[in-house]
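Down below is the structure, laid out as structure tokens.
Numbering (my numbering), first residue to last: 51 to 326.
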């Protein structure tokens with residue numbers, strides 16, 4: 051499945067301005083300024099420990115900025131009321147935890163909480179949104195199944211359905227293919243690409259696999275040691291020089307004969323000490 055142009059919609063853009071994030075006095079993301087295009091799939095890539103997941107948490111306002119700002123369509127994230135933010139941003143963490151024994155329909159239904167008030171409880175609109183989310187992700191036949199009885203790929207589809215039921219303008223996913231075999235990785239990424247094409251949602255995901263990121267994302271953000279190295283379309287970002295600088299690997303980059311996207315063929319890791 052190759053990256054396709056997303057439909058023209060009023061999707062929300064995400065920008066950061068000199069954004070620094072961390073824990074206590076430790077800085078994990080350092081002075082990142084970037085713009086993630088509306089209605090497109092953006093993949094954040096880089097080696098382990100470079101700050102990818104921390105950046106995603108900052109975009110979701112789970113971490114307050116130590117410095118700088120995050121904007122959604124020009125509105126600063128910290129100024130948005132929590133319920134408004136919850137209707138705008140949907141976050142799928144790397145290892146989500148479901149209550150024991152909960153069914154698929156009940157778990158997906160929790161995505162509707164941001165849309166409810168004390169005077170507006172569960173409604174026909176909520177029922178419709180949950181049914182549509184389960185149908186879109188292909189888990190509607192599993193509605194009454196306990197989540198803990200499902201396969202890894204099925205569970206990941208259910209979590210995406212929960213995020214979709216929330217009806218956010220921006221979906222943030224932290225390594226949604228972790229612990230999945232190759233077939234299920236492709237299945238999940240095909241699903242996200244389909245949702246992006248059909249619904250025009252802005253999707254931001256952290257991925258480890260650079261070739262998968264190049265194939266499915268319209269836009270890449272490459273990080274190393276907490277800093278932004280470069281960003282842009284895969285055809286501009288994925289070069290032998292960037293692969294060396296970001297991942298410490300000597301590689302040849304060719305055009306994928308199937309997808310037409312960059313394909314990295316690694317040779318060897320770089321001896322960074324010898325290169326200094």
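Glycine residues also receive a C-beta, built at the ideal position from the N, C-alpha and C atoms.
Thinking C-beta only, is residue 238 closer than 7 Å to residue 193?
no
Shortest alpha-carbon distance to residue 186 belongs to which of 105, 278, 243?
243
Do residue 119 and residue 67 come within 7 Å of each other at the CB atom, strictly closer than that value?
yes
So, residue 36 versus residue 269, is the Cβ gap smaller than 7 Å?
Here the chain covers residues 51 to 326 and nothing more, so residue 36 does not appear.
Excluding the five sequence neighbours on either side, which residues of its own chain have a C-beta within less than 8 Å of the C-beta of residue 317, listed in chain order?
299, 300, 301, 302
Hey, which unbroken runs of the beta strand (DSSP E) at 3 residues or more fall wholly within the region 216-258?
220-224, 252-256
Which term fits residue 174, buried or exposed, when burial requires 16 or more other beta carbons within 10 angstroms of its beta carbon?
exposed
Within 10 Å of its beta-carbon, does residue 233 have 16 or more other beta-carbons around it, so buried, or fewer, so exposed?
exposed
Residues of its chain near residue 189, where Cβ-Cβ distance is below 7 Å and the 5 sequence neighbours each way are ignored:
154, 204, 207, 208, 211
Contacts around residue 152, its chain only, beta-carbon distance under 6 Å, and the 5 residues preceding and following it disregarded
197
Opening and closing residue of the beta strand (DSSP E) in which residue 71 lies:
64-73
Beta-carbon within less than 6 Å of residue 161's beta-carbon, same chain only, minus the 5 sequence neighbours each way: which residues are those?
212, 215, 216
My understanding is that residue 277 touches residue 80, with C-beta atoms under 8 Å, so please give their C-beta distance in whole angstroms.
5 Å
Jot down the residue ranges of each uninterrupted beta strand (DSSP E) in the region 100-130, minimum 3 residues, whole runs only, in chain order.
117-122
Looking at the unbroken alpha helix (DSSP H) that takes in residue 301, where does it start and where does it end?
Where residue 301 is concerned, there is no enclosing alpha helix (DSSP H), although the beta strand (DSSP E) it sits in stretches over 299-305.
I need the DSSP call for residue 153, collapsed to helix, strand or coil.
strand
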